[in-house]
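All letters in the sequence shown, in the order written, are residues 2 to 314 by this note's numbering.
Working notes, structure below.
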Amino acid sequence: MNFSWIWIPATLIAAAAQTARNAAQRELVGAAGPFGAASVRFLYGAPFGALFLQIFCIISGSAPNALTLKGAAWIAAASLAQIAATGLMLAAMRSRSFFATIALTKTEPLQVAAFGLAFLGERLSFVAVTAILLSTAGVAILSLPPGLFQRRSTDRTIHAPGAPERTAGGRAIALGLGAASCFAISAIGFRAGILEFNGPTFLIAAAAALAASLLFQAALILALMILFDRPLLRAIAAQWRPSLFAGFIGAFASLFWFVAFAVQSAAPVRTLGLVEVVFARIVSRQIFKEGASKAELLGAGLILCGVALLLNG
2 MNFSWIWIPA
12 TLIAAAAQTA
22 RNAAQRELVG
32 AAGPFGAASV
42 RFLYGAPFGA
52 LFLQIFCIIS
62 GSAPNALTLK
72 GAAWIAAASL
82 AQIAATGLML
92 AAMRSRSFFA
102 TIALTKTEPL
112 QVAAFGLAFL
122 GERLSFVAVT
132 AILLSTAGVA
142 ILSLPPGLFQ
152 RRSTDRTIHA
162 PGAPERTAGG
172 RAIALGLGAA
182 SCFAISAIGF
192 RAGILEFNGP
202 TFLIAAAAAL
212 AASLLFQAAL
222 ILALMILFDR
232 PLLRAIAAQW
242 RPSLFAGFIG
252 AFASLFWFVA
262 FAVQSAAPVR
272 TLGLVEVVFA
282 RIVSRQIFKE
292 GASKAELLGA
302 GLILCGVALL
312 LNG
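Right, here's the structure in full:
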């Protein structure tokens, strides 16, 4: 049976679950800080990654193939990039809205194209240049203060008590774009690592890569905390209830991303994954009670148009 279509529902499920995970982690930033909140998805997610692999092996009656040294290197590099990306994203959310931060992270495909031009001399088509200009304009608009072009009395943006003030701070923009760069690296690395497993089925390969990455990430973070920051480890342990959910939903989201990467290249998967911005807008307004200014909506729209144009042009 041909399962080449399965990447479409897998990506949609992954994007929805990832939005829930990001929201859960953001709620932990106050108690554990950006690094602590970023760590829970790996520390609490590792057991679920192993569980998913075990379930797939039992159902299929097969075991994963041995991981090559090259595959291990890809997964390790991607895992490190993912840790950095998550921490940068959560740090950006401290001064930008949930919606605006997620929109910034969706510039990752454009950054790959820009890096190729800058460091590899790869020429870009007119469509690619147009896409980069559109998304660059979107990022610039997102960096503007919400009320820059309107009077305060007419600004209907809703702020919940304790919600982050969305200022024009260049630091938040840099953090969001840095997160996008790291997410781009992780997507490429995980796709390569999954392909190195080479079966026996794409589901087993995806689950095995997930389990391996989460085990590596959890072991690394746990060792660092034991050596350098035991109070943070205790703070995370004290927040075990919300952390357990963040770990589960994070592993669940990653599983479906990996399934999509197992049958389709990263570019189409990330294109469809732009639907996460829609989910983020819903969460931002309904859960965090954060309004979005017209400038933010316009900026996010330009970013989405630019990314979609680049990947489909």
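Even glycine gets a Cβ: it sits at the ideal position worked out from N, Cα and C.
Asked	Found
Local Cβ density within 10 Å of Ala220, reported as buried at 16 or more and exposed below that	exposed
Nearest-angstrom beta carbon gap, Gly248 and Val41 [assumed within contact, 8 Å]	6 Å
Straight-line Cα distance separating Ala74 from Ile195	12 Å
DSSP three-state assignment for Phe289, whether helix, strand or coil	coil
6 Å Cβ shell around Ala180 - same chain, five flanking residues per side excluded	Ala86, Leu89, Met90, Thr106
Coil, strand or helix - Leu62 by DSSP	Strictly speaking, residue 62 in this sequence is Gly, with Leu absent from that position. Reduced to three states, the DSSP call for Gly62 is coil.
Thr1 burial status per 10 Å Cβ neighbour count (16 or more: buried)	Missing from the structure shown is residue 1; the chain here goes from 2 to 314 and no further.
At least 3 beta-carbon pairs within less than 8 Å: the stretch 50-70 vs the stretch 207-214	yes
Same chain, Cβ closer than 6 Å to Met94, five either side skipped, listed in chain order	Arg27, Thr102
Buried or exposed (CB count within 10 angstroms, at least 16 for buried), Gln83	buried
Sufficient close CB pairs (3 or more, under 8 Å) joining the stretch 275-292 to the stretch 185-205	no
Cα-Cα separation, Ala119 to Ser126	14 Å
Whole-number beta carbon distance between Leu233 and Gly37, since they are thought to touch under 8 Å	5 Å
The stretch 6-21 touching the stretch 259-266, judged by at least three CB pairs closer than 8 Å	yes
Separation of Leu216 from Ala207, as counted between CA atoms	14 Å
Leu70 (DSSP reduced to helix, strand or coil)	helix
Straight-line Cα distance separating Val278 from Thr272	11 Å
For Thr202, three-class secondary structure by DSSP	coil
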